[in-house]
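A quick write-up on the structure given underneath.
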DNA sequence: GTCTATAAGATGATAGAC
DNA sequence: GTCTATCATCTTATAGAC
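Residue numbers (the numbering used here), protein chains in the order written: chain A, 2 to 197; chain B, 2 to 197.
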């Protein structure tokens, strides 16, 4: 009667992706192995290969889910908050929370640095994530200017690029120094000048 | 009479450090091995261990030299150029050149993302590099404001942090997209608003 | 200072039983 | 879908000859 390995359908896959996401955020693509995941999830590495034949397949799916979830959150921020400044602050808050509560880099900030060693499908997911961020930021910033609530010294696309760079760079610096306040300072300095 | 392995004193060590620096800028600490260096320099991995017992020793020395050289260049910029705006543009130009001409990340931007997996001595060298940058930027920015050539919306230390974050984040984004112009846009957007 | 030889363990991945 | 077993290769590192 014992069926100790019976699982809720898709449960193992979810655990694997969850674990891989956490590992990548902390250690990067080249800093984790199937073994790390196997030990944490309580399965064998062969089982991971059943679900994700190669490490690139796994990382690509992790990055894909990360982007999809991020997209949903971004939409919900835009939906519930009409103020461009607090929208941008909520945006920065997403990165801040990951950093402060889980000591995590942005998954794509980590993978982005490793771009040169990434399987192409992974690199492309990372690129899509950044594009998603830029598009959202550009819309928020352009809308804010049109409403007279932001005053820009450079075009909205440029400001969007700068803000994203500040987030990713700020996370990296804060993490190296183990100082979340450093990220807050950078995020605030990046957003505040846009306010009219 | 053949002494094929005779070397100019310190020449091999220099070649190893040069090669390791290049590899780290491209692939990161966890993305290269002693084997990569051995093949490129034309020696055996055991010879590298003679000069650098552990990978951490090697990376720490690479990061140390990188910081020292960077410091020299920063001083020379400050010495020959009194204008704060063009000083900052020259600063950004350092990163831009590495990116455009060698497709290189900043060595410490790469290592910084990997902070969690780095041997402590390496992590500390990286932290020193960032401190060096912040100090230089802070001085340039504070001097510029005192002379009335810059007009700051936030204190000089905060602006210095933001500028550094924009450089590191901008390099990562530009590299992931293989688009140097993206870095230029970000660098300009970070510097221009400081001009009085 | 460089080499050969070697170790001990990690790594991504596959074949085939259950 | 998970397991055992196995693989070839890579990785960091050391011992000792030259």
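Even glycine gets a Cβ: it sits at the ideal position worked out from N, Cα and C. Since this is a predicted model, take the numbers as computed values, not measurements.
- Judged by their CB atoms, residue 25/B and residue 49/B are not nearer to each other than the 7 Å cut-off.
- For residue 176/B, the neighbours in chain A by C-beta distance under 7 Å run, in chain order, 116.
- Taking C-beta atoms as the reference points, residue 196/B and residue 184/B fail to come closer than 7 Å.
- Going by DSSP, residue 90/B is part of the alpha helix (DSSP H) stretching over 85 to 103.
- Nearest CB-CB separation between residue 103/B and chain A: not below the 7 Å threshold.
- In this structure residue 172/A is in contact with residue 100/A, their Cβ atoms being roughly 6 Å apart against a cut-off of 8 Å.
- For residue 85/A against residue 178/A, the beta-carbon gap comes to about 30 Å, at or over 8 Å, which does not count as contact.
- Here residue 157/B is buried: its Cβ has 16 or more other Cβ atoms, across all protein chains shown, within 10 Å.
- The beta carbons of residue 167/A and residue 112/A sit about 19 Å from each other, so the pair does not count as a contact at 8 Å.
- CA-to-CA, the gap between residue 130/B and residue 116/B works out to about 13 Å.
- The contact set of residue 191/B on chain A, defined by CB atoms closer than 7 Å, consists of 163 in chain order.
- Going by C-alpha positions, residue 31/A is about 32 Å away from residue 75/B.
- A residue is called buried once 16 or more other Cβ atoms fall within 10 Å of its Cβ, and residue 93/A is buried on that count.
- If you check each beta-carbon in the stretch 21 to 51 of chain B against every beta-carbon of chain A, the ones closer than 8 Å belong to 27, 28, 29, 31 and 32.
- Secondary-structure assignment with DSSP links residue 151/A through a beta bridge to 196/A.
- Rounded to whole angstroms, the gap between the alpha carbons of residue 88/A and residue 142/B is 29 Å.
- Here residue 103/A is exposed: its Cβ has fewer than 16 other Cβ atoms, across all protein chains shown, within 10 Å.
- When only Cα atoms are considered, residue 182/A and residue 144/A end up about 29 Å apart.
- Using a Cβ-Cβ cut-off of 7 Å, residue 154/B counts as an interface residue toward chain A, since at least one Cβ of chain A sits closer than that to its own.
- Given a length threshold of 4 residues, each whole run of the alpha helix (DSSP H) inside the stretch 17 to 92 of chain A is given here in chain order: 35 to 42, 46 to 52 and 56 to 81.
- Fully contained in the stretch 162 to 196 of chain A are the following alpha helix (DSSP H) runs of length 4 or more, in chain order: 181 to 192.
- In the DSSP annotation of this structure, the continuous segment of the alpha helix (DSSP H) that includes residue 112/B starts and ends at 108 to 114.
- By the rule that beta-carbons nearer than 7 Å mark a contact, residue 143/B does not touch chain A.
- Apart from sequence neighbours up to five positions away, the residues of its chain that approach residue 133/A with a beta-carbon distance below 8 Å are 68, 71, 72 and 75, ordered along the chain.
- Residue 194/A belongs to the set of residues whose beta carbon lies under 7 Å from a beta carbon in chain B.
- Within the stretch 119 to 144 of chain B, the residues whose Cβ lies closer than 8 Å to any Cβ of chain A are, in chain order, 124, 127, 128 and 131.
- Rounded to the nearest whole angstrom, the C-alpha separation of residue 153/A and residue 80/B is 33 Å.
- Proximity to residue 123/B across 14/B, 186/B, 9/B and 22/B peaks at 22/B, based on C-alpha coordinates.
- When Cβ-Cβ separations below 7 Å define contact, residue 69/B makes no contact with chain A.
- DSSP, read as helix, strand or coil, puts residue 156/A in coil.
- A Cβ of chain A is located within less than 7 Å of the beta carbon of residue 169/B.
- Judged by beta-carbon spacing, residue 108/B lies beyond the 7 Å limit of residue 138/B, meaning their Cβ atoms are not closer than that value.
- By the Cβ-count criterion, residue 51/A is exposed, with fewer than 16 other Cβ atoms from all chains shown falling within 10 Å of its own Cβ.
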